[in-house]
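Inspection log for the structure reproduced underneath, given as structure tokens.
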Amino acid sequence: EPEVTQTPSHQVTQMGQEVILRCVPISNHLYFYWYRQILGQKVEFLVSFYNNEISEKSEIFDDQFSVERPDGSNFTLKIRSTKLEDSAMYFCAQRQGEGYYGYTFGSGTRLTVV
Amino acid sequence: GESVGLHLPTLSVQEGDNSIINCAYSNSASDYFIWYKQESGKGPQFIIDIRSNMDKRQGQRVTVLLNKTVKHLSLQIAATQPGDSAVYFCAENPIIQGAQKLVFGQGTRLTINP
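Keeping their order, the protein sequence lines are chains A and B.
All you need for our numbering is the position in the first sequence, starting with 1, plus 25.
All you need for our numbering is the position in the second sequence, starting with 1, plus 361.
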């Protein structure tokens, strides 16, 4: 089964700093997602991305967040000015295509904002 | 609104016994459901899925039951092993205008006692 690789595995950043989280795409997977999990809570949807466009975003995904996948390379999540409450595990997920294909999750990036 | 919840936050069973984890969902537009296992520090790991045109699906030691009448989903794990100790999430996939995303429940922590 293909795996989703995320980098870094752990990042500590100062409040107000920008961070970029990366996800390596699986070959022929077309749909990309970012999810967030605050410690001890459920996994929350942030954004879905298809054909170089955002398909849907949640209320959490405000103007401080952005995603891109330049030239078919890594799928990235950028947080422009981090806040303490952004501390969480961030998971990238990918899905092959339409229909009932499973979502494959990465092992996550633990973001700690201090 | 969308919500997926679990009846019990924790469940302890003896090794070798069967376990049942329950989940209630509220979005009648969901037609695809997945159970994930999450071990500490790792991303959600796919266990089993089921489409809404089915009421039961079996895998290796796991069975998922879907009751659309009462919007209830359950995961049965047979002959539990220490490696089954983890947090289990149900997730639903509402199909709305082609957009797809997973909505997760709160999670149940399963502990297997020796």
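Yeah, the Cβ is synthetic: ideal placement off N, Cα and C, and Gly gets one too.
Boundaries (first-last residue) of the beta strand (DSSP E) holding residue i
i	result
histidine 114 of chain A	For clarity, residue 114 of chain A is methionine in the given sequence; the question names histidine instead. Note, methionine 114 of chain A: beta strand (DSSP E), 113 to 120.
histidine 35 of chain A	35 to 38
asparagine 454 of chain B	447 to 455
alanine 385 of chain B	380 to 386
serine 106 of chain A	First-last for serine 106 of chain A: undefined, no H or E at that position.
aspartate 96 of chain A	Aspartate 96 of chain A -> no beta strand (DSSP E), and no H or E assigned at all.
isoleucine 51 of chain A	Premise fails: isoleucine 51 of chain A is in no beta strand (DSSP E) and is neither H nor E.
phenylalanine 394 of chain B	391 to 399
threonine 129 of chain A	128 to 130
isoleucine 407 of chain B	Here the sequence assigns phenylalanine to residue 407 of chain B, which means isoleucine is not the residue at that position. From DSSP, the beta strand (DSSP E) with phenylalanine 407 of chain B extends over 406 to 412.
Identified DSSP bridge partners for residue i
i	result
lysine 417 of chain B	B:Leu426
leucine 372 of chain B	B:Leu471
glutamate 81 of chain A	A:Ser73
histidine 433 of chain B	B:Ala385, B:Asn428
valine 68 of chain A	A:Gln62
leucine 136 of chain A	A:Gln36, A:Ala113
phenylalanine 86 of chain A	Note: phenylalanine 86 of chain A sits in no beta bridge, so no partner.
threonine 441 of chain B	Partner(s): none; threonine 441 of chain B has no beta bridge.
Cutoff 7 Å; reference residue i; Cβ partners in own chain excluding five residues on either side
i	result
aspartate 111 of chain A	Ile104, Leu136, Val138
proline 33 of chain A	Thr134
arginine 120 of chain A	His54, Tyr56, Tyr126, Tyr128
valine 400 of chain B	In the sequence as displayed, the identity of residue 400 of chain B is glutamate instead of valine. Only Ala447 meet the Cβ criterion.
glutamine 42 of chain A	Thr107
Residues of its chain near residue i, where Cβ-Cβ distance is below 8 Å and the 5 sequence neighbours each way are ignored
i	result
valine 374 of chain B	Ser380, Thr441, Leu471, Thr472, Ile473, Asn474
asparagine 454 of chain B	Ser391, Asp392, Tyr393, Phe394, Ile395, Gln461, Lys462, Leu463, Val464
glutamine 406 of chain B	Tyr397, Lys398, Gln399, Glu400
Contact under 7 Å by Cβ, residue i with residue j
i	j	result
alanine 439 of chain B	lysine 398 of chain B	no
tyrosine 60 of chain A	phenylalanine 116 of chain A	yes
glycine 404 of chain B	phenylalanine 86 of chain A	no
glutamine 89 of chain A	serine 73 of chain A	no
glutamine 36 of chain A	valine 29 of chain A	no
Cutoff 6 Å; reference residue i; Cβ partners in own chain excluding five residues on either side
i	result
isoleucine 382 of chain B	Leu436, Tyr449, Thr469
leucine 434 of chain B	Cys384, Phe394, Leu427, Cys451
| field | Residues within the stretch 459 to 471 of chain B neighbouring chain A, beta-carbon criterion of under 9 Å | value | Gly459, Ala460, Gln461, Lys462, Leu463, Val464, Phe465, Gly466, Gln467, Gly468
| said: Along the stretch 397 to 417 of chain B, where does the CB come closer than 7 Å to a CB of chain A? Name the residues. | reply: Lys403, Gly404, Pro405, Phe407, Asp410, Arg412
Near-chain A residues of the stretch 427 to 459 of chain B (beta-carbon distance less than 7 Å), N- to C-terminal order = Phe450
Exercise for the section: Below 7 Å between beta carbons is the criterion; list the residues of the stretch 70 to 86 of chain A that meet it against any residue of chain B, in chain order. Expected result: Phe70, Ser73, Ser80, Glu81
Return the residues of the stretch 125 to 139 of chain A that lie within a Cβ-Cβ distance of less than 7 Å from chain B, sorted by chain order. Tyr125, Gly127, Tyr128, Phe130, Gly131, Ser132, Gly133
Residues of the stretch 91 to 117 of chain A with Cβ closer than 7 Å to any Cβ of chain B, in chain order
Phe116
Determine which residues of the stretch 380 to 399 of chain B have a Cβ less than 9 Å from any Cβ of chain A, and write them out in chain order. Asp392, Tyr393, Ile395, Tyr397, Gln399
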